[in-house]
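Numbering (the UniProt record's numbering), first residue to last: 1 to 343.
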């Protein structure tokens, strides 16, 4: 087997060709993950070319997120949404419909992400489904993305029948051991089954991973890239690990932004037709991080303008200084990156 050292002299295009062909895949991916300087710039250029092949109109998707509840049945080691001392909230279904109408009419949004803590409570899910059906009835041109964690197949089916177009369920780690270490109240097999259910029920499905989780190795990232790319997903993502305040991982080192950007570039190269966000975690750790995410092949912008201001501090993800990019910032970086944003 070729070693990483034997692959290093290859130029980035030859390296990416090997990855696409599956030749010396693990060693090639590891080399690409460590690209810096001119090699990294070349990797990003190849990723942008792949994006252009899948999205020749250069159009970036803009979605508004509504964080509908911070009640979470998980207690993940990296996330503080499930902290017991946090004040809990749920946006009523009627309010969700009105927020969606405002975003549609006043902000021109056509894609809404309904996100909450992981919660399969029957009453909660039924309320979300009711709101989704009302939104689709009132605003038929809206694309709805659900993101409320592991649900039963029947609950997913009901969401699909209510008009939910897409579902986002991050695998976080394709290595079951690493996944269950980070999410000790969940099982990897259940998560995987949920992804299968979503795909079989006809959703446009998205998944992604966290780069820099404690205990993660380069071999894990190789497996993550292979896992995400073999599922033929409609949406793929990678976010950089930020230790959540008050979590088990609070004192662990942050993930590496450059490695995350390189992973995103490889995701794009292997998934030219998938939507991929440039996440706020990049901006949190590096100035111009979200712009660099676009330069590495991302083409989705998430605007945090759907959650009522009174609740925003109650949905922190990692800490109460979470970066929430606004519309003007995202439009500016998209223009710099040569992408077209809907008016």
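Beta carbons are placed, not taken as given, at the ideal position from N, Cα and C, and that holds for glycine.
Asked, Found
"Whole-angstrom Cβ separation of residue 186 and residue 115, contact assumed at under 8 Å?", "Contact flag wrong, Cβ pair sits at about 17 Å."
"Quick one: what does DSSP say residue 16 is sitting in, helix, strand or coil?", "helix"
"What would DSSP say about residue 7, mapped onto helix, strand or coil?", "Note that residue 7 scores a pLDDT of 38, beneath 50, so its modelled location is shaky; the value from the coordinates is reported in the next line. Three-state DSSP puts residue 7 in a helix."
"Return the CA-CA distance between residue 239 and residue 57, expressed in angstroms with no decimal places.", "26 Å"
"With H, G and I counted as helix, E and B as strand and the rest as coil, what does DSSP make of residue 176?", "helix"
"Which whole-angstrom value is the C-beta distance of residue 277 and residue 300, which I expect to be below 8 Å?", "4 Å"
"Which word fits residue 94, buried or exposed, when buried means at least 16 other C-beta atoms lie within 10 angstroms of its C-beta?", "exposed"
"State the CB to CB distance for the pair residue 12 and residue 39, rounded to an integer number of angstroms; the pair is presumed to be in contact (CB under 8 Å).", "6 Å"
"Please name the residue, chosen from 132, 198, 130 and 105, that lies closest to residue 149 on a Cα-to-Cα basis.", "198"
"Please classify residue 267: does DSSP put it in a helix, a strand, or coil?", "helix"
"In whole angstroms, what separates the C-alpha of residue 175 from that of residue 67?", "28 Å"
"Can you say whether residue 289 is buried or exposed, counting buried as having 16 or more other CB atoms within 10 angstroms of its CB?", "buried"
"Excluding the 5 residues flanking residue 1 on each side, which residues of the same chain have their C-beta closer than 8 Å to its C-beta?", "Because the pLDDT of residue 1 is 36, which lies under 50, any placement of that residue in the model is unreliable, and the question is left without a value."
"Going by the beta-carbon positions, is the gap between residue 209 and residue 224 smaller than 7 Å?", "yes"
"Answer yes or no: do residue 159 and residue 135 have a C-beta to C-beta separation smaller than 7 Å?", "no"
"Hey, out of 269, 140, 259 and 212, whose CA is closest to residue 229's CA?", "269"
"Check each candidate in 171, 51, 339 and 92 and name the one with the smallest Cα separation from residue 123.", "92"
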